[in-house]
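Per the working numbering: the sequence shown = residues 132 to 402. Even for Gly, the Cβ is constructed at its ideal location relative to N, Cα and C. Owing to the predicted nature of the structure, the values given are computational and were not obtained by experimental measurement. Have a look at the structure below, then the notes.
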Amino acid sequence: MAATTNLQALLHVVQSEGRIVLAHADGDVFRYTLTSDKIETRLEVQSKISKRKWEVHANDAALGSFGPADVDIPRAVVVSHLKAALEGHTDAQHLALEEHDGAMDLTLTLRFSPLFAPVYTLPLLPVPMQSDDVLRSFIHDLQEELAELKATVKQLEQQLEDTKTASQTDAARMEEDIRALRQQLGTRQLAVSSPTLHNQLAMTKKRMGSRDGCTKPRTSQPARQWLRHPVPFPVQRPSQTCCCHLRTPMRPFFHSDLSLSSCNKYLEVCC
């Protein structure tokens, strides 16, 4: 295996095949086969519609004659750029295919820079086709279409599997959220129906009911001390403290308008 690789590197072996749509070809699709070694380069092009075939053989001298006379580019460099252009790996090269008198001209433009873009025109001559060659070409086309269909089906199956996985993930996340909400709802229901809470509520109502007979409020000592010091502006009267420990805010008043006895009398209100 290593010896074969070294031999190919020594002979500059280039192999490439595929399909391409070329300019000025009326939308026709061409199958191409490119092989190149140390001796010569061979390019074969076949139309998928008419099944006609063209080819060109070129050594170093012939390939040089296909390009500009004042430009000497090694054949290996031209072939590498031709391979990249046929495979569509670069936009730096331009390919065009024109038919005239039964032959084909493949034009390759090598755009090295805006000021240096040599053009090579490869003359492709027609290849006689036998009936079995045409049949083999049809079989080859069917095999390619079958391979494309298999690849498409595999891609769709993968997309469907990814969609199912994403849907399952979303469904699992929604179920987890629903479980969390149900748990919170159960906790709230337990808190509402707790006997302790109802007992506390009943005891509070009972305690409040037992103090309904309270009639005499009492004012806290700090409030009385505060009333002994007159102030020149309206203030908020302090809260009174009832015997049932309920605090009721008073209305604002002027201390200078009331005597201490009238203040004390005014504070004696029922809760």
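| Item | Value |
| --- | --- |
| Collapsed DSSP secondary structure at residue 146 in the structure displayed | strand |
| Buried versus exposed, by CB contacts within 10 Å (16 or more), residue 189 | buried |
| Under the three-state DSSP convention, the category residue 326 falls into | helix |
| Counterpart residues of residue 176 in DSSP-defined beta bridges | 163 and 185 |
| Any 3 or more C-beta pairs closer than 8 angstroms across the segment 160–167 and the segment 177–186 | yes |
| Proximal residues to residue 225 (C-beta, below 6 angstroms), its chain only, five neighbours per side dropped | 240 |
| Per-residue burial, residue 323 [other beta carbons within 10 Å of its own, 16 or more giving buried] | exposed |
| Residue-level contact to chain C via CB, residue 290, 8 angstroms cutoff | In summary, chain C is missing from the structure at hand, where a single protein chain is found. |
| Residue environment, residue 150, which counts as buried when at least 16 other CB atoms sit within 10 Å | exposed |
| Expected contact under 8 angstroms - CB spacing of residue 93 and residue 185 to nearest Å | For residue 93 there is no data in the structure shown, the boundaries of the chain being 132 and 402. |
| Beta-carbon proximity of residue 262 to residue 182, cut-off 8 angstroms | no |
| Expected contact under 8 angstroms - CB spacing of residue 218 and residue 298 to nearest Å | In fact, because the Cβ distance is near 38 angstroms, the residues do not count as touching under 8 angstroms. |
| For residue 236, the residue or residues it bridges with in DSSP | 229 and 254 |
| Other residues of its chain near residue 311: CB distance less than 8 angstroms, five sequence neighbours each side excluded | none |
| Residue 315 versus residue 334 - alpha carbon distance | 28 angstroms |
| Coarse secondary structure for residue 241, derived from DSSP in three states | strand |
| Collapsed DSSP secondary structure at residue 204 in the structure displayed | coil |
| Residue 380 - DSSP class collapsed to helix/strand/coil | No answer about residue 380 holds up, because its pLDDT of 45 lies below 50 and its placement is not dependable. |
| Residue 200 versus residue 237: straight-line alpha-carbon distance, rounded | 18 angstroms |
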